[in-house]
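Engineer: This is the structure, below, for whatever I ask next.
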């Protein structure tokens with residue numbers, strides 16, 4: 001029986017290098033996972049690359065809605081800086097991909113996973129028999145000459161693999177830019193956006209719609225060039241305004257302290273820890289009141305609040321003790337030391 005290894009493939013040079021190295025030196029059966037968000041045209045191109053490499057076991061997952069709902073929007077409920085959006089989304093992608101790789105391992109009885117960024121990754125509920133390998137402990141390419149010789153022997157073109165296949169469509173062009181303000185309304189329910197201009201969208205289509213608006217209005221800059229979720233910048237600004245307007249000051253301060261601890265757990269890659277789930281439940285409790293419609297203006301890359309229509313703000317202000325009692329019931333005194 002040949003040994004089996006599972007890995008996620010994105011079409012990059014490192015991934016192709018790993019596959020070639022496994023085929024030549026280890027001769028393992030390779031199981032590849034494909035996962036590309038908002039790049040359905042590129043999946044066929046990447047799949048053809050894998051077939052040319054001689055890999056037969058290919059799995060394409062289409063779980064963009066689950067990823068956005070359970071990972072992206074759970075992050076959106078917290079308060080974090082706009083500069084770290086790209087950093088946090090990449091971490092969430094790592095958590096989601098390795099979870100899907102583990103599922104493949106359990107189904108096909110695979111004992112090895114190749115995952116490059118596995119440092120400090122907590123996999124408490126996974127099988128301890130599964131070993132995670134990364135680029136540095138798997139390859140013995142210590143010098144640039146060995147690396148270039150290996151690429152030359154196996155006919156790997158270095159320059160072409162670094163570029164995104166869809167990069168021309170994502171570049172910010174000045175002829176697409178709109179020199180007049182754009183007006184739109186965003187409807188929030190339980191802290192999650194559900195409608196744009198009173199029209200309900202799927203989670204993916206909602207972000208794509210906001211991405212297209214961000215491209216022509218200057219939200220997307222060079223720092224967000226190859227990034228599919230720059231529209232979170234708009235949603236984050238609007239949701240912060242809603243929280244300040246609706247929530248009580250004491251509860252808002254508690255929520256901000258919890259979100260700091262929540263983000264620290266994500267940075268330490270403790271996504272599956274009980275502490276993260278505990279903080280998530282508390283944050284979800286505050287988001288039950290974040291409901292309403294916000295009309296905004298986007299002009300020259302800036303977002304301005306024009307009008308707010310909030311239904312339950314009067315209900316909440318007349319019943320401030322209601323949410324406080326729920327907090328007291330939910331929060332255990334042992335886990336509240338960081339508030340004091």
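Numbering (full-length UniProt numbering), first residue to last: 1 to 340.
Each residue gets a CB set at the ideal place from its N, CA and C atoms; glycine is no exception.
Three or more C-beta pairs under 8 angstroms: does that hold for the segment 241–256 against the segment 208–219?
Structural biologist: No, because fewer than three Cβ pairs between the segment 241–256 and the segment 208–219 fall closer than 8 angstroms, the two stretches do not touch.
Engineer: Spell out the partners DSSP gives residue 13 in its beta bridges.
Structural biologist: Counting from 1 along the chain shown, the entry for residue 13 is found at position 13. Paired residues: none, contrary to the question.
Engineer: What first and last residue would you give for the beta strand (DSSP E) that runs through residue 270?
Structural biologist: Here the question's residue 270 lines up with position 270 in the chain shown. Premise fails: residue 270 is in no beta strand (DSSP E) and is neither H nor E.
Engineer: Taking residue 29 as part of the beta strand (DSSP E), name the residues at either end of that continuous run.
Structural biologist: For the purposes of this step, residue 29 is taken as the residue at position 29 of the chain shown. Here the beta strand (DSSP E) through residue 29 covers 29–34.
Engineer: Among 65, 264, 267, 202, which residue has its Cα nearest to the Cα of residue 35?
Structural biologist: In the chain shown, residue 35 corresponds to position 35, counting from 1. Ranking 65, 264, 267, 202 by Cα distance to residue 35 puts 65 first.
Engineer: In terms of residues, what are the limits of the beta strand (DSSP E) holding residue 186?
Structural biologist: The residue given as residue 186 occupies position 186 in the chain shown. Residue 186 -> beta strand (DSSP E) spans 182–189.
Engineer: Give me the DSSP bridge partner(s) of residue 7.
Structural biologist: Within the chain shown, the letter at position 7 stands for residue 7. 32, 114, per the DSSP bridge assignment.
Engineer: Strictly by DSSP, which residues pair up with residue 303?
Structural biologist: Here the question's residue 303 lines up with position 303 in the chain shown. Paired residue(s): 298.
Engineer: From 286, 203, 133, pick the residue whose C-alpha is nearest to that of residue 191; which is it?
Structural biologist: Along the chain shown, read from residue 1 onward, the residue named residue 191 stands at position 191. The candidate whose alpha carbon is nearest that of residue 191 is 286.
Engineer: Run the CB neighbour count on residue 179, radius 10 Å, all protein chains shown included, and call it buried at 16 or more, exposed below.
Structural biologist: Translated into positions along the chain shown, residue 179 becomes position 179. So residue 179 counts as exposed.
Engineer: Is DSSP giving residue 107 helix, strand or coil here?
Structural biologist: Reading the chain shown from its first residue, position 107 is the one you call residue 107. Three-state DSSP puts residue 107 in a helix.
Engineer: Between the C-alpha atoms of residue 10 and residue 61, what's the straight-line distance to the nearest angstrom?
Structural biologist: Taking the chain shown and counting its residues from 1, the one referred to as residue 10 is at position 10. Taking the chain shown and counting its residues from 1, the one referred to as residue 61 is at position 61. Rounded to whole angstroms, residue 10 to residue 61 spans 13 angstroms at the Cα level.
Engineer: Distance check for residue 236 and residue 293, CA to CA, integer angstroms please.
Structural biologist: Walking along the chain shown from the start, residue 293 turns up at place 293. Walking along the chain shown from the start, residue 236 turns up at place 236. In a straight line, the C-alpha of residue 293 is about 14 angstroms away from that of residue 236.
Engineer: Mind checking which residues open and close the alpha helix (DSSP H) that includes residue 236?
Structural biologist: Working through the chain shown from its first residue, we reach residue 236 at position 236. Where residue 236 is concerned, the enclosing alpha helix (DSSP H) stretches over 232–246.
Engineer: Rounded C-beta distance between residue 189 and residue 79? I'm assuming under 8 angstroms.
Structural biologist: The residue you call residue 189 lines up with position 189 of the chain shown. The residue you call residue 79 lines up with position 79 of the chain shown. About 19 angstroms separates the two Cβ atoms, so there is no contact after all.
Engineer: Put residue 59 into one of helix, strand or coil per three-state DSSP.
Structural biologist: The residue given as residue 59 occupies position 59 in the chain shown. Of the three classes helix, strand and coil, the one that applies to residue 59 here is strand, per DSSP.
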